[in-house]
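Residue numbers (our numbering): 47 to 507.
So, in structure tokens, the structure goes:
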């Protein structure tokens, strides 16, 4: 591989799954390690050639003291040198894990992905790229095998799942290191990757070397097996999607005749249930095989009013010949609050808080920051109201309800998402952007508006 070449797996996979759309906006997760630096460099090269916009995000888990600070500074300097807009986030993973009574790995992953999704919404990025590679995929499949899994878990990670893309999933770790060497690219080492108290590290450093002693081509053969299992899984999922097409919307709930699930083969029925739950739009995928089987039995049973409670506040209810997929009592909506014109406003029940200050509109706005002309009357942060509309920059006018549905924003949280409004109507929607007609012109007196999550403070660089 010469310095001008792209790794073959990267080039083939991004084409096969249309990961790099011209004119699109891609957020790249960057830890500072070898894999993520390689991915950011590759995407930077392709952005110039294909014409998409590239952004970066780094999340500090606050687990490694000075080393975590070093990583954040490294990524910040790298992105500054490469002129890539960067959003830095941080969260106390250890404290959150104690609060949840959950593992560090699981909590770190959930907090990191929540930050990436929030950042992508703020920057209007339709895709989030992570640097999982072929070796990571083998390790993941082995983890699932050890813990017990069905075909979905045993097929490893998908190259593309919704807005999440993994362009390096067919590229091995050795090829990544060689690319960095030839391109003379710096990166940082995460000392926690050597800690075998973490199950994944134990597989990487103890189990895989033994398997390679038995078969030196183990990773390549395993990769072929994962691709075969993924093809089988994708086919069965497509069949399940056809079953789910028999559902209809009733307001914000889904209804399907129970017979469609009951008569489906055992390989299809639970997948159809998972598909229907995904259609509810909150992105949760926490249902176990036991949850899905319980819903299938609900469809095949005789009880005309039985209920199955599911993770994420969802539930499936038998209503005579039909199944109703809905959510339980949603969280309390945010309480409207006047906007503090010089400072921060965080209404009770709100997912996002808002910063505001008087200033002059610059020629170019930083990502996630809006410059709004004078307010009409007293501006407030409030939940959405019937008929609220917004025209985001470069978009057509939409009702906020339809915008949130189109973006699959969690239904249970829609009334907790702050709308900035005044007497003339909607000014901005947290996590999405401003009403284009309310933006100030460069040089005009303006209010600088930015939204952030109180639980995961971050800054835009």
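C-beta: ideal position from N, C-alpha, C; glycine also.
How big is the Cα-Cα spacing for residue 448 and residue 455? Residue mapping note: residue 448 aligns to position 402 of the chain shown, counting from 1. Residue mapping note: residue 455 aligns to position 409 of the chain shown, counting from 1. If you take the alpha carbons of residue 448 and residue 455, they lie about 10 Å apart.
Buried or exposed for residue 398, going by 16 or more other Cβ atoms inside 10 Å? Here residue 398 refers to the residue found at position 352 when the chain shown is read from its first residue. Residue environment analysis places residue 398 among the buried positions, since at least 16 neighbouring C-beta atoms fall within 10 angstroms of its C-beta.
Alpha carbons only, please: which of 248, 421, 472 and 190 is nearest the one belonging to residue 445? Here residue 445 refers to the residue found at position 399 of the chain shown. The residue among 248, 421, 472 and 190 with its C-alpha nearest the C-alpha of residue 445 is 472.
Endpoints, alpha helix (DSSP H) assigned at residue 116: On the chain shown, residue 116 is found 70 positions in, with the first residue counted as 1. Looking at the DSSP string, the run of the alpha helix (DSSP H) that includes residue 116 is 112 to 128.
Pick helix, strand or coil for residue 56, following the three-state DSSP scheme. Position 10 of the chain shown, counted from the first residue, corresponds to residue 56. Helix at residue 56.
Is the Cβ-Cβ distance between residue 116 and residue 234 less than 8 Å? Along the chain shown, one-based indexing puts residue 116 at 70. Along the chain shown, one-based indexing puts residue 234 at 188. Taking 8 Å as the Cβ cut-off, residue 116 and residue 234 qualify as a contacting pair.
Whether residue 56 touches residue 88 by CB criterion (8 Å): Residue numbering aside, residue 56 sits at position 10 when the chain shown is read from its first letter. Residue numbering aside, residue 88 sits at position 42 when the chain shown is read from its first letter. Result yes, Cβ atoms of residue 56 and residue 88 sit closer than 8 Å.
Own chain, CB closer than 6 Å to residue 269, minus 5 neighbours either side, in chain order: What you label residue 269 is simply residue 223 of the chain shown in a count that begins at 1. The beta carbon of residue 269 lies closer than 6 Å to those of 180 in the same chain, with the five residues before and after it left out.
Which residues in the same chain have their Cβ closer than 7 Å to the Cβ of residue 438, if we skip the five residues on either side of it in sequence? Indexing the chain shown from 1 puts residue 438 at position 392. Correct list, in chain order: 478, 479 and 482.
Going by the beta-carbon positions, is the gap between residue 65 and residue 211 smaller than 8 Å? In the chain shown, counting from the first residue as 1, residue 65 sits at position 19. In the chain shown, counting from the first residue as 1, residue 211 sits at position 165. If you check the CB distance, residue 65 and residue 211 come in under 8 Å.
Consult DSSP for residue 402 and reduce its assignment to one of helix, strand or coil. Position 356 of the chain shown, counted from the start, is the residue given in the question as residue 402. In the structure shown, residue 402 sits in a strand (DSSP, three-state: E or B).
Closest residue to residue 275 among 364, 133, 196 and 173 (Cα-Cα distance): Here residue 275 is taken as the residue at index 229 of the chain shown, counted from 1. Comparing Cα-Cα distances from residue 275 to each of 364, 133, 196 and 173, the minimum goes to 196.
Give a yes or no on whether the C-beta atoms belonging to residue 104 and residue 76 are separated by under 8 Å. Against the chain shown, residue 104 aligns to sequence position 58. Against the chain shown, residue 76 aligns to sequence position 30. Yes, they are a contact pair.
Candidates 341, 406 and 100: which alpha carbon is nearest residue 320's? The residue given as residue 320 occupies position 274 in the chain shown. Of 341, 406 and 100, the residue nearest in Cα terms is 341.
Find the nearest neighbour of residue 98 within the set 73, 113 and 79, judged by alpha-carbon distance. Sequence index remark: in the chain shown, residue 98 carries index 52 (1-based). It is 73.
What's the C-alpha gap between residue 247 and residue 187? Taking the first residue of the chain shown as 1, we reach residue 247 at position 201. Taking the first residue of the chain shown as 1, we reach residue 187 at position 141. Straight-line Cα distance between these residues: approximately 14 Å.
Tell me which residue opens and which closes the alpha helix (DSSP H) that residue 245 is part of. The residue given as residue 245 occupies position 199 in the chain shown. For residue 245, the enclosing alpha helix (DSSP H) stretches over residues 245 to 248.
Below 8 Å on the Cβ atoms is my contact criterion, and I expect residue 396 with residue 427 to pass it. Report the Cβ-Cβ distance as a whole number of Å. Locating residue 396 in the chain shown gives position 350, counting from the first residue. Locating residue 427 in the chain shown gives position 381, counting from the first residue. Residue 396 to residue 427, Cβ: 7 Å. Contact.
Starting from the Cα of residue 492, find the closest Cα among 432, 415 and 126 and give me that residue. Taking the first residue of the chain shown as position 1, residue 492 is located at position 446. Shortest Cα-Cα distance from residue 492 to any of 432, 415 and 126 involves 415.
Based on the DSSP output, what are the partners of residue 72 in its beta bridges? Position 26 of the chain shown, counting from 1, holds the residue named residue 72. Under DSSP, residue 72 takes part in a beta bridge, and its partners are 100 and 173.
Contact set for residue 366: own chain, Cβ-Cβ below 6 Å, skip 5 residues either direction: Here the question's residue 366 lines up with position 320 in the chain shown. Counting only Cβ-Cβ distances below 6 Å, and skipping sequence neighbours, we find 350.
Assign residue 258 to buried or exposed, taking buried as 16 or more other Cβ atoms, counted over all protein chains shown, within 10 Å of its Cβ. In the chain shown, counting from the first residue as 1, residue 258 sits at position 212. Exposed, by the Cβ-count rule.
In whole angstroms, what separates the C-alpha of residue 364 from that of residue 352? Working through the chain shown from its first residue, we reach residue 364 at position 318. Working through the chain shown from its first residue, we reach residue 352 at position 306. Spanning the two alpha carbons is a distance of roughly 5 Å.
If you reduce the DSSP assignment to three classes, tell me which class residue 410 lands in. The residue labelled residue 410 in the question sits at position 364 within the chain shown. Residue 410: coil per DSSP, three-state reduction.
Which residue wins for smallest C-alpha separation from residue 63, given the options 154, 213 and 252? Residue mapping note: residue 63 aligns to position 17 of the chain shown, counting from 1. Ranked by how close their Cα comes to the Cα of residue 63, the residues 154, 213 and 252 have 213 in first place.
Given this structure, state the Cα-to-Cα distance separating residue 497 from residue 334, to the nearest angstrom. Taking the chain shown and counting its residues from 1, one reaches residue 497 at position 451. Taking the chain shown and counting its residues from 1, one reaches residue 334 at position 288. Answer to the nearest angstrom: the Cα atoms are 35 Å apart.
Based on the DSSP output, what are the partners of residue 493 in its beta bridges? Residue numbering aside, residue 493 sits at position 447 when the chain shown is read from its first letter. In the DSSP output, where bridge partners are listed per residue, residue 493 has 404 and 418.
Per DSSP, what kind of secondary structure is residue 291 in: helix, strand or coil? One-based indexing of the chain shown puts residue 291 at position 245. Annotated three-state conformation of residue 291 is coil, per DSSP.
Can you tell me where the beta strand (DSSP E) holding residue 348 begins and where it ends? Here residue 348 is taken as the residue at index 302 of the chain shown, counted from 1. Unbroken run through residue 348: none, as it is neither H nor E.
Note down the Cα distance separating residue 435 from residue 209, rounded to an integer number of angstroms. Here the question's residue 435 lines up with position 389 in the chain shown. Here the question's residue 209 lines up with position 163 in the chain shown. Straight-line Cα distance between these residues: approximately 25 Å.
Contact set for residue 203: own chain, Cβ-Cβ below 8 Å, skip 5 residues either direction: On the chain shown, residue 203 is found 157 positions in, with the first residue counted as 1. If the five residues before and after residue 203 are omitted, its C-beta is found closer than 8 Å to the C-beta atoms of 178, 182, 183, 186, 212 and 215, all from its own chain and listed in chain order.
Going by C-alpha distance, which of 400, 169 and 369 is nearest residue 323? The residue labelled residue 323 in the question sits at position 277 within the chain shown. Closest in alpha carbon position to residue 323, among 400, 169 and 369, is 369.
Which parts of the region 134 to 176 are runs of the beta strand (DSSP E), unbroken and 3 residues or longer, counting only runs that do not cross its ends? With a minimum length of 3 residues, the continuous beta strand (DSSP E) runs that stay inside the region 134 to 176 are 173 to 175.
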